[in-house]
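Student: Encoded as structure tokens, here's the structure I'll be asking about.
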DNA sequence: GTGGTCTAGACCACG
DNA sequence: GTGGTCTAGACCACA
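Protein chains in written order, with UniProt numbering: chain A, 1 to 127; chain B, 1 to 127; chain C, 1 to 127; chain D, 1 to 127.
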């Protein structure tokens, strides 16, 4: 289902959140699609149900998915997030950190831009 | 000295590491410059010396600074950034996460690129 | 578990690092084996947990062990020793120091070589 | 005079002790030779006199050099050290640590032996 | 004065 | 339960 790396330093529940969002952007998951239940997904991925629960809660908070009583969990129909300045700030900070890292490794600006363009292409799902 | 946000989720020692690197890239700290001593900086920033030491040790491991016995800590003179594929991978992951985040908020590719170019300009600093 | 000499001039955390590596080479610890948790080992050895953690972190940095979120610490499975020239240099320096020491004590080359061969045999362990 | 690396993790005074011994083994310093005075050497090497003092004291303790009242410091005429089991033990420990390190890096026994033979040749001064 | 190690004890995030 | 971070305070080796 989703690619999870338990050795990564980013929490598993965060990885799930990210994977779900990425899948939606790539069109693998579409608005209205039914998500697997917490228990189901936990068994499929052999991951602690609490972890899935946490991921779903976070996704719900971000209005990426919605729970419908008695029916299950679905990808939001109006899934597009809204411009959120506080979240933008966090993203910028993380970008900045990465850019400093690259510059420190002697990576030139051109290559940095190439890396980013490559990543953007990847997200589009044209790969 | 360095801007630290104790409420941030990123550890204080990591923030210090990042700030030092940024200061060097901006030319605020130059190769050969003496760093404040662990205790000194700890007092200046009202942070526990152990935390500063952890930051310094990490910076030393990354060859950003070097310690000279009994004399103190200095910004490395012979530092040559080495391309480190495993670290590159981490940076790419963090970029990807940010790009997904932005796309999710409906930010267009042009604006994303503008944000990144702005950040690159910021890092270049006053030089 | 591990033989530690608190009176030794080499730090406790370093001794632990060395002991773990030696145990692996001897086959006492095998790839994939679960390491005792930080607190557990700390209690077993009556050593402060912070000290154990420092040792584990160093071992992780050297890719001898790996931590899996919430599950614990394990001996790395995919560890492939990499030739590391800078570390080689340190080892050579320490060897040289030892060889000078021996020669100074009037130990002949043959005996020196015999000592080293004996040590190599010791490391091989029970396999 | 002596090669000292202030960035090294081994204390400067230890480095001096080692260098003196090595010089004697190589024949650069000979029994009966006059050693420079503490102050003299400190100025030559731009090192804190306390450090030289400590090195000399250690060398004297090991009977490598001897002080003659009013005349200065000299390389011992009967400079050969004696077999000292406790020091042997330390050397063995350091060797063992190095051998483990090498084995961990995947260095084969043959290469290890080659490295050691090379170092022995170096000490002889035939290089 | 410098940095290095260790302990004790606290709080937190993650699974 | 796991590891990660931080503080407070102590002792030590080195220059």
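Glycine included, every Cβ here is placed at the ideal spot set by N, Cα and C.
Contact criterion: CB-CB distance below 8 Å. Does residue 80 (chain D) meet it with respect to chain C?
Tutor: By this cut-off, residue 80 (chain D) is an interface position.
Student: Just the Cα atoms here: how many angstroms apart are residue 27 (chain A) and residue 123 (chain A)?
Tutor: Spanning the two alpha carbons is a distance of roughly 10 Å.
Student: For a contact meaning CB atoms closer than 7 Å, what does residue 116 (chain B) contact in chain A?
Tutor: Those within 7 Å of residue 116 (chain B) in chain A are 95, 116.
Student: Report the rounded CA-to-CA distance for residue 119 (chain B) versus residue 46 (chain A), giving the unit in angstroms.
Tutor: Taking the straight line from one Cα to the other gives about 40 Å.
Student: In chain B, which residues lie with their C-beta within 9 Å of the C-beta of residue 63 (chain A)?
Tutor: Under the 9 Å cutoff, chain B gives no residues; its nearest Cβ is about 11 Å from residue 63 (chain A).
Student: Who does residue 72 (chain C) pair with in a DSSP beta bridge?
Tutor: Answer is C:68.
Student: Go ahead and pull the three-state DSSP assignment for residue 1 (chain C).
Tutor: Reduced to three states, the DSSP call for residue 1 (chain C) is coil.
Student: Output needed for residue 53 (chain C): all residues of its chain with C-beta closer than 8 Å, excluding positions within five of it in sequence on either side, in chain order.
Tutor: Around residue 53 (chain C): 38.
Student: Which residue comes first and which comes last in the alpha helix (DSSP H) that contains residue 49 (chain D)?
Tutor: Residue 49 (chain D) -> alpha helix (DSSP H) spans 49-61.
Student: Using a Cβ-Cβ distance under 8 Å, would residue 91 (chain C) count as near chain D?
Tutor: Chain D, which has a Cβ nearer than 8 Å to the Cβ of residue 91 (chain C), makes this yes.
Student: Using the rule of at least 16 other Cβ atoms within 10 Å of the residue's Cβ for burial, across every protein chain shown, is residue 55 (chain C) buried or exposed?
Tutor: The residue is buried, with at least 16 neighbouring Cβ atoms inside 10 Å.
Student: So which residues on chain B does residue 98 (chain A) lean against when the C-beta distance must stay under 7 Å?
Tutor: In chain order: 91, 94, 95.
Student: Counting only Cβ pairs nearer than 8 Å, list the residues of chain A close to residue 68 (chain C).
Tutor: Neighbours of residue 68 (chain C) on chain A, chain order: 6, 7.
Student: Specify the secondary structure class of residue 35 (chain D) as computed by DSSP and reduced to three states.
Tutor: Looking at residue 35 (chain D) - three-state DSSP - the assignment turns out to be strand.
Student: Have a look at residue 117 (chain B) and residue 93 (chain A) and give me their C-alpha separation to the nearest angstrom.
Tutor: Approximately 14 Å between the Cα atoms of the pair.
Student: Using a cut-off of 7 Å between C-beta atoms, extract the partners of residue 35 (chain A) located in chain B.
Tutor: Those within 7 Å of residue 35 (chain A) in chain B number zero; the least Cβ separation is about 17 Å.
Student: Tell me the residue span of the alpha helix (DSSP H) that contains residue 13 (chain A).
Tutor: From DSSP, the alpha helix (DSSP H) with residue 13 (chain A) extends over 12-26.
Student: Restricting to Cα atoms, I'd like to know which of C:110, C:67, C:7, C:62 is closest to residue 9 (chain A).
Tutor: Among C:110, C:67, C:7, C:62, the Cα nearest to that of residue 9 (chain A) belongs to C:67.
Student: Spatial neighbours of residue 15 (chain D) within its chain, please: C-beta separation below 6 Å, excluding the five flanking residues on both sides.
Tutor: 4, listed in sequence order.
Student: Quick one: using the 10 Å Cβ neighbour count with 16 as the cut-off for buried, is residue 35 (chain C) buried or exposed?
Tutor: Buried, since its Cβ has 16 or more Cβ neighbours within 10 Å.
Student: From residue 11 (chain C) to residue 18 (chain C), what does the alpha carbon distance come to, in whole angstroms?
Tutor: If I take the Cα positions, the gap works out to 11 Å.
Student: Tell me whether residue 115 (chain D) counts as near the ligand GTP, meaning its Cβ is closer than 7 Å to at least one heavy atom of that ligand.
Tutor: You won't find the ligand GTP in this model; it holds no ligand whatsoever.
Student: Is any beta-carbon of chain A found at less than 8 Å from that of residue 123 (chain B)?
Tutor: Output row for residue 123 (chain B): interface = yes.
Student: When you compare each of D:71, D:108, D:121, D:83 to residue 33 (chain D) by their alpha carbons, which one comes out closest?
Tutor: Considering only alpha carbons, the answer is D:71.
Student: If you reduce the DSSP assignment to three classes, tell me which class residue 80 (chain D) lands in.
Tutor: In the structure shown, residue 80 (chain D) sits in coil (DSSP, three-state: anything other than H, G, I, E or B).
Student: Taking just the CA atoms, how far does residue 20 (chain A) sit from residue 114 (chain A)?
Tutor: Whole-angstrom Cα-Cα distance: 26 Å.
Student: Mapping DSSP to helix, strand and coil, what is residue 105 (chain B)?
Tutor: Coil, per DSSP.
Student: Taking 8 Å as the CB-CB cut-off, is residue 106 (chain A) touching chain B?
Tutor: So yes, residue 106 (chain A) belongs to the interface.
Student: Which residues in chain D sit within 7 Å of residue 21 (chain C), going by Cβ to Cβ distance?
Tutor: In chain order: 100, 104.
Student: Using the rule of at least 16 other Cβ atoms within 10 Å of the residue's Cβ for burial, across every protein chain shown, is residue 29 (chain D) buried or exposed?
Tutor: Looking at its Cβ environment, which holds 16 or more other Cβ atoms inside 10 Å, residue 29 (chain D) is buried.
Student: Output the distance between the C-alpha atoms of residue 48 (chain A) and residue 31 (chain C), rounded to the nearest integer angstrom.
Tutor: For residue 48 (chain A) and residue 31 (chain C), the distance between alpha carbons rounds to 24 Å.
Student: In chain B, which residues lie less than 7 Å from residue 12 (chain D) when you measure between Cβ atoms?
Tutor: The contacting residues are 69.
Student: Give every residue of the same chain whose Cβ lies closer than 6 Å to the Cβ of residue 111 (chain B), excluding the five residues on either side of it in the sequence, and list them in chain order.
Tutor: Cβ neighbours of residue 111 (chain B) beyond the five flanking positions: none.
Student: Drop a sphere of 10 angstroms on the beta-carbon of residue 108 (chain A), count the other beta-carbons inside from all chains shown, and report buried for 16 or more, exposed for fewer.
Tutor: Classification for residue 108 (chain A): exposed.
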